[in-house]
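Asks:
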Amino acid sequence: MKTIFFFLAKYILALLFAYSFMKKVLNLNMFKVKLMRSELIPDTWVWFLGYLVPLIELVVVILLVTSFKTKISLYFSLSTLFIFTFYLFSINHFSLYTGCSCGGIFERLTYSQHLLVNIFFMGINIFALFCKRENY
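To get the numbering used here, take the position in the sequence shown, counting from 1, and add 33.
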């Protein structure tokens, strides 16, 4: 049962990151505009982060889908989720601009809802790591 959950969790996380990646790539200019609104990100970093963030999401998807016997994909996914959650918290508490630059259904969520979604996926990620540790 834990093995099934482990693989299911990896693919659910992969779908989350793939969706986020596609939304950013298909609306790259809008993503950069939203990054520019943040006082936490210097303007000189917007171009760099505009390409780095989707690239990281793509790498997470590839790792989650292709690495079956290593936990690195889950650790990378969890780290990325943690960083995005920390950014979301910071932008909503330490910036005049509130919201996020996620796009798609996530931009329609309130701050609290978005934070809960991120925590939910982090919980899935952590549980999958425990399943992996017990099974392999």
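We put the beta carbon where it would ideally sit given N, CA and C, even for glycine.
Bear in mind the structure is a predicted one, so any value in this text is a computation, not a measurement.
1) Taking the C-alpha atoms as reference points, what is the distance between R141 and C135?
2) For S53, which residues from the same chain have a beta carbon less than 7 Å from its beta carbon, with the 5 sequence-adjacent residues on both sides left out?
3) Ignoring anything shorter than 4 residues, give me the alpha helix (DSSP H) runs that lie fully in the region 105 to 142, in order along the chain.
4) Under 9 Å, do L73 and S128 count as touching if we go by C-beta distance?
5) What did DSSP end up calling L73 once you bin it into helix, strand or coil?
6) Select from Y84, F50 and C133 the residue whose C-alpha is nearest the C-alpha of S112.
7) Leaving aside the five residues before and after N151 along the sequence, list all residues of the same chain whose C-beta is less than 8 Å from its C-beta, in chain order.
8) Distance check for H126 and C133, CA to CA, integer angstroms please.
9) For V58, which of L88, V93, F153 and F139 has the nearest alpha-carbon?
10) Kindly indicate which three-state DSSP category N60 falls into: helix, strand or coil?
11) How many Å lie between I157 and A42 at the Cα?
12) Can you tell me whether V173 is buried or exposed? The criterion is at least 16 other CB atoms within 10 Å of its CB, across all chains shown.
Replies: In short, the structure shows the following:
1) Rounded to whole angstroms, R141 to C135 spans 10 Å at the Cα level.
2) The residues E90 and C135, in chain order, have a CB closer than 7 Å to that of S53 in the same chain once the five nearest residues on each side in sequence are set aside.
3) Unbroken alpha helix (DSSP H) stretches of 4 residues or longer found wholly inside the region 105 to 142: 105 to 126, given in chain order.
4) For L73 and S128, yes; Cβs fall inside 9 Å.
5) Note: L73 maps to coil in three-state DSSP.
6) Ranking the options by Cα distance to S112, first place goes to F50.
7) Within the same chain, N151 has close Cβ partners L114, F117, T118 and L121.
8) Here the C-alpha atom of C133 lies approximately 12 Å from the C-alpha atom of H126.
9) Put simply, of L88, V93, F153 and F139 the residue whose alpha carbon is nearest the alpha carbon of V58 is L88.
10) DSSP, reduced to helix, strand and coil, places N60 outside both helices and strands of the structure shown, so it counts as coil.
11) Their Cα atoms are separated by approximately 6 Å.
12) This structure leaves residue 173 out entirely; the chain is present only between 34 and 169.
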